[in-house]
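Just so you know, the sequences run in chain order Y and L. Numbers 1 to 112, taken from my numbering, label the letters of the first sequence in order. Numbers 113 to 224, taken from my numbering, label the letters of the second sequence in order. Ideal Cβ placement from N, Cα and C applies to all residues, glycine included. One structure is given below, encoded as C-alpha cells.
2 protein chains.
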Amino acid sequence: MLYKYNMYTESEYDHILKALGNSTRRAILDSIKDNPKTTSQLCSLLSELDRCTVMQHLDVLEKADLIIIKHQGKHRWNYINLLPIKEIHDRWIRKYSFEALDVLSKMKKDLE
Amino acid sequence: MLYKYNMYTESEYDHILKALGNSTRRAILDSIKDNPKTTSQLCSLLSELDRCTVMQHLDVLEKADLIIIKHQGKHRWNYINLLPIKEIHDRWIRKYSFEALDVLSKMKKDLE
Numbered sequence: 001m002l003y004k005y006n007m008y009t010e011s012e013y014d015h016i017l018k019a020l021g022n023s024t025r026r027a028i029l030d031s032i033k034d035n036p037k038t039t040s041q042l043c044s045l046l047s048e049l050d051r052c053t054v055m056q057h058l059d060v061l062e063k064a065d066l067i068i069i070k071h072q073g074k075h076r077w078n079y080i081n082l083l084p085i086k087e088i089h090d091r092w093i094r095k096y097s098f099e100a101l102d103v104l105s106k107m108k109k110d111l112e
Numbered sequence: 113m114l115y116k117y118n119m120y121t122e123s124e125y126d127h128i129l130k131a132l133g134n135s136t137r138r139a140i141l142d143s144i145k146d147n148p149k150t151t152s153q154l155c156s157l158l159s160e161l162d163r164c165t166v167m168q169h170l171d172v173l174e175k176a177d178l179i180i181i182k183h184q185g186k187h188r189w190n191y192i193n194l195l196p197i198k199e200i201h202d203r204w205i206r207k208y209s210f211e212a213l214d215v216l217s218k219m220k221k222d223l224e
C-alpha cells in the first residue's frame, strides 16, 4: 500500500465504510447525531423494519466504532461516535481550509 | 427514511461509500491528495496490479465523484474531488467544533 494511516487500520476502515454504505444505517446515525436514542426508540422510528433487523444494523455500527452503547436499567442507549467520520475526513482533507471548501460547495449548489 | 440530505442522494452516498470501502481505492486517493497523477503514474505505483484492474478502480472512483479526470495530450490526469468526503463529514459533524474533536482525538491516541 502507498500510505499507512495511524488511527484506524485499513481493515477497520473497511468496516467503517461498509457500515456507512447502507442507507438504513446512515438514517440511524442521522437520528442520533444530536441526541442518543434507546434501541426501542430507534425501532419505533424504523417501524418498517423488524426489531431483529434494527439490532443487526446497530451491531454493524457498533463493530465499526460508529456508535457507543450504554446500558441504563432496562434501556440500551445508542450514542453516535464521530471519531471514525472525523478520521475519514482528516485523512484526505485536513490540510485544506474549510472556508475554501465551503466556497466550492456553495458554488456547486448555485450552479445546479 | 428519517433524514434527507440535499447534495448527494442516498443512492449516490451508496456509490461514494462503496468506492471508499476498498483499500486500493483509498490508496489511490492517498497518492493523489496533494498532487494529481496520470493513470500511468498510478499504474507504476500500484505495480502489483495489472493496468486493467487499476483502470477499473479509477472508473469506480470517477462514478462516485471522488476523482475528476482531465485529458492532456496522451495523458489522463486524475485529480481528487474532496466534495463527497466533505459532505460525509458535514452530514454528521458540521455543527461540532473541530477543536473539540481534535482534543477528543488526541485524548484517544494518548490513552492507546
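In this chain, I93 (chain Y) is not harboured by any alpha helix (DSSP H), its DSSP state being neither H nor E. Where K182 (chain L) is concerned, there is no enclosing alpha helix (DSSP H), although the beta strand (DSSP E) around it starts and stops at 179-184. K18 (chain Y) sits away from G185 (chain L), with the two beta carbons spaced by 9 angstroms or more. Closer than 9 angstroms to the CB of N147 (chain L) there is not a single CB belonging to chain Y. Contact of E122 (chain L) with chain Y by beta-carbon distance below 9 angstroms involves S23, R26, A27. In the assembly as shown, R91 (chain Y) is a buried residue. Its beta-carbon has 16 or more other beta-carbons within 10 Å.
By the criterion of a C-beta distance shorter than 6 angstroms, I180 (chain L) is surrounded in its chain by Y191, N193, once the five residues flanking it on both sides are discounted. Between the alpha carbons of K33 (chain Y) and I205 (chain L) lies a gap of roughly 8 angstroms.
For Y8 (chain Y), there is no enclosing alpha helix (DSSP H), as DSSP gives it neither H nor E.
Remark: C-beta atoms of I85 (chain Y) and H201 (chain L) approach each other more closely than 9 angstroms.
A Cβ-Cβ distance of about 10 angstroms is found for the pair T150 (chain L) and H183 (chain L), leaving them out of contact under the 8 angstroms criterion.
Annotation: the continuous beta strand (DSSP E) that includes N190 (chain L) extends over 187-192.
Where L42 (chain Y) is concerned, the enclosing alpha helix (DSSP H) starts and stops at 39-45. Taking the CA atoms as reference points, T121 (chain L) sits about 33 angstroms from L157 (chain L).
Under the 10 Å beta carbon count, L154 (chain L) is surrounded by 16 or more other beta carbons and is classified as buried. If you look at K175 (chain L), you'll find it in the alpha helix (DSSP H) that goes 163-175. L173 (chain L) and N35 (chain Y) have their C-alpha atoms some 34 angstroms from each other. Those residues of the stretch 74-98 of chain Y placed with their C-beta closer than 9 angstroms to a C-beta in chain L are I80, L82, L83, I85, K86, E87, I88, H89, D90, R91, W92, I93, K95, Y96, F98, ordered along the chain.
Residues of chain Y with a Cβ closer than 7 angstroms to the Cβ of S217 (chain L) are, in chain order, L83, K86. Per DSSP, the unbroken alpha helix (DSSP H) holding D142 (chain L) starts and ends at 135-144.
Ranked by Cα distance from T136 (chain L), the options L:S159, L:H127, L:K220 are led by L:S159.
Taking 9 angstroms as the CB threshold, M55 (chain Y) stays off the interface with chain L.
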